[in-house]
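> Here this note's numbering = 1-based position in the sequence shown + 91.
Ideal placement from N, C-alpha and C gives every residue a C-beta, glycine not left out.
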Amino acid sequence: MIENRCWLEIDLSILRKNWAVIQGLLQPGCTPIAVVKANCYGLGAVPIARELEKLGCPMLSTADLAEALELRRAGLQAPILLLGPIDPKDTAAAMENGVIVPVVDLEHALLMDSAARRAGGRLRTHIKVDVGLTRLGIPVPGRTGAAIAEIQQITALSHLTNEGLMTHISGMMDPAYDYRNVEQLALFRQFHDQLTARGISLKPHCESSLLFLSHPEYQMDYVRLTSAILGIQKGYDKLGTRCAAQFKTKLLQIKKVPRGASIGYWMTYVTPRDMTVGVVGVGYGDGLIRSLTAGAKMSVRGRQTDVLGKLSMSFAVIDLTEIPEAALGDVVTVFGHEEGAPSVQDYAALYGGHACEVITMLKDSIPRIYL
């Protein structure tokens, strides 16, 4: 078997423990939806969805119909909620595969209702509203009455089930701006209450991993979770979650270099003293960010050390001067949960990114190993 330069390890036992933590945070009557879009943020939608289904996860979610059908072809049985709309011509396929589709406005609803009628059945749907993210959905701010009237027309359509009311919140992460999250959450609840008062019964959901922890009072009927389940959402680690993924490579060469040697392209790093360096098999071609040098670290034998110079497409150089026991073939952790390793959050912080973004950028060509 040919060994790869780098690989991702996904520990399913950690995934199970994270799921148990999530279960303990759910309020009565709130159903968790595991979002496995974008190949479950690059970690493998099918194997992770299978594991979650074994654990009793009641519903899955994907970004689009193609992702949902991939799960169906793999034998996944749980209901699947899409986060984005479908082309009306794909309505029959969604119906045949038990996929729940968001309705984003009246025009779209009319087209899907007509397509469902031609297919001889009813399409499972949730109505999506926009309370401030200004993305998909029926706009609510400043036009509550018009939004209610639009939903009344949608719920009158006989070939759409219109089971839920959903939105996405802007998700301001800086605590100083959390009031913006609260404004949108409160508007969504108020809007749902107004619909209920008019006899329109829809199961509401508005929270993802970030707000699920910080504002449990808005859990409502469903919560949509991914980063919490994968162990990469800040704050949950205090409750016992860990990152289920580790990105690893190997030491391919160890060499002594003298003071004054330049390392990597563009000669951005010059050794300040005689040093021992190691070449490892990972680079920007694997999905890391080429410009990251200052502050970037990897770990060898449980000890963190600096990345030196710019990343190449397939290789990087690390400082081994203070790790003399390092040997050819040693495993090097780019980020992970093992003691001494940089975390995926550490890596994301280097460029103001998010942990979800980091793992999603890793290339599909990298082997995923499930432990």
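#1: Could you give the C-beta distance for A238 and V220, rounded to a whole number, given that I count them as a contact under 8 Å?
#2: Going by C-alpha to C-alpha distance, which of I320, G147, F279 and E448 sits closest to R234?
#3: In the DSSP assignment, the beta strand (DSSP E) including C97 goes from what residue to what residue?
#4: To the nearest angstrom, how far is it from the Cα of D178 to the Cα of L172?
#5: Whose CA, out of P349, E448, M404 and V391, lies closest to the CA of E429?
#6: Taking the alpha-carbon of V174 as reference, which of H217, G331, D181 and I460 has the nearest alpha-carbon?
#7: If you run the structure through DSSP and keep just helix, strand and coil, what is L316?
#8: Under a Cβ-count criterion, where at least 16 other Cβ atoms within 10 Å of its own Cβ denotes burial, should G212 be classed as buried or exposed?
#9: Helix, strand or coil: how does DSSP classify Y442 here?
#10: Please give me, in chain order, every unbroken run of the beta strand (DSSP E) with length at least 3 that falls completely inside the region 162–246.
#11: DSSP state of H250, grouped into three classes?
#12: Mapping DSSP to helix, strand and coil, what is G255?
#13: My output table needs one value for H296: the three-state DSSP class, helix, strand or coil.
#14: Below 6 Å CB to CB, which residues in the same chain sit around T451 once its five sequence neighbours on both sides are set aside?
#15: Express the C-alpha separation of T317 and V155 in angstroms, rounding to a whole number.
#16: Just the Cα atoms here: how many angstroms apart are P176 and I460?
#17: Pick from C148, A240 and T252: whose alpha carbon is nearest that of V194?
#18: Please list, in chain order, all residues of the same chain as R215 whose beta carbon is under 6 Å from its beta carbon, the five residues on each side excluded.
#19: Which of the three DSSP states is assigned to F279 in this structure?
#20: Going straight from the alpha carbon of E298 to that of A183, what length do you get?
#21: Across which residues does DSSP place Q344 in a beta bridge pair?
Put simply:
#1: Residue 238 sits at position 147 when you count from the first residue of the sequence shown. Residue 220 sits at position 129 when you count from the first residue of the sequence shown. Right, the Cβ-Cβ distance comes to about 6 Å (below 8 Å), so this counts as a contact.
#2: What you label residue 234 is simply residue 143 of the sequence shown in a count that begins at 1. Of the candidates I320, G147, F279 and E448, F279 places its Cα closest to the Cα of R234.
#3: In the sequence shown, the residue the question calls residue 97 occupies position 6. Where C97 is concerned, the enclosing beta strand (DSSP E) stretches over C97 to I101.
#4: The residue labelled residue 178 in the question sits at position 87 within the sequence shown. The residue labelled residue 172 in the question sits at position 81 within the sequence shown. Just so you know, the alpha carbons of D178 and L172 end up roughly 15 Å apart.
#5: Translated into the one-based positions of the sequence shown, residue 429 becomes position 338. Out of P349, E448, M404 and V391, V391 has the C-alpha closest to the C-alpha of E429.
#6: Counting from one through the sequence shown, the residue named residue 174 turns up at place 83. In the sequence as presented, Val is not what sits at residue 174; that position holds Leu. Per the Cα distances, H217.
#7: As a position in the sequence shown, residue 316 is number 225, starting the count at 1. Residue state, collapsed to three classes: strand.
#8: Here residue 212 refers to the residue found at position 121 of the sequence shown. Exposed, by the Cβ-count rule.
#9: Counted from its first residue, the sequence shown places residue 442 at position 351. Coil at Y442, not helix or strand.
#10: Segments of the beta strand (DSSP E) lying fully in the region 162–246: 171–173, 190–194 and 216–221.
#11: Locating residue 250 in the sequence shown gives position 159, counting from the first residue. Here H250 carries a coil assignment [DSSP, helix/strand/coil].
#12: Counting from 1 along the sequence shown, the entry for residue 255 is found at position 164. In this structure, G255 counts as strand in the three-state DSSP scheme.
#13: Taking the first residue of the sequence shown as position 1, residue 296 is located at position 205. When secondary structure is reduced to three states using DSSP, H296 falls in the strand class.
#14: Counted from its first residue, the sequence shown places residue 451 at position 360. Excluding sequence neighbours, T451 sits near A129, Y132 and G133.
#15: Here residue 155 is taken as the residue at index 64 of the sequence shown, counted from 1. Here residue 317 is taken as the residue at index 226 of the sequence shown, counted from 1. It should be pointed out that residue 155 corresponds to Asp in this sequence rather than to Val. Those two C-alpha atoms are separated by around 16 Å.
#16: Position 85 of the sequence shown, counted from the start, is the residue given in the question as residue 176. Position 369 of the sequence shown, counted from the start, is the residue given in the question as residue 460. Their backbone Cα atoms lie some 33 Å apart in a straight line.
#17: Reading the sequence shown from its first residue, position 103 is the one you call residue 194. The residue among C148, A240 and T252 with its C-alpha nearest the C-alpha of V194 is T252.
#18: In the sequence shown, counting from the first residue as 1, residue 215 sits at position 124. Excluding residues within five positions, the ones whose Cβ falls inside 6 Å are I191 and T252.
#19: Position 188 of the sequence shown holds residue 279. Helix, per DSSP.
#20: Mapped onto the sequence shown, residue 298 falls at position 207. Mapped onto the sequence shown, residue 183 falls at position 92. Rounded to whole angstroms, the gap between the alpha carbons of E298 and A183 is 29 Å.
#21: Walking along the sequence shown from the start, residue 344 turns up at place 253. As a beta-bridge residue in DSSP terms, Q344 pairs with V370.
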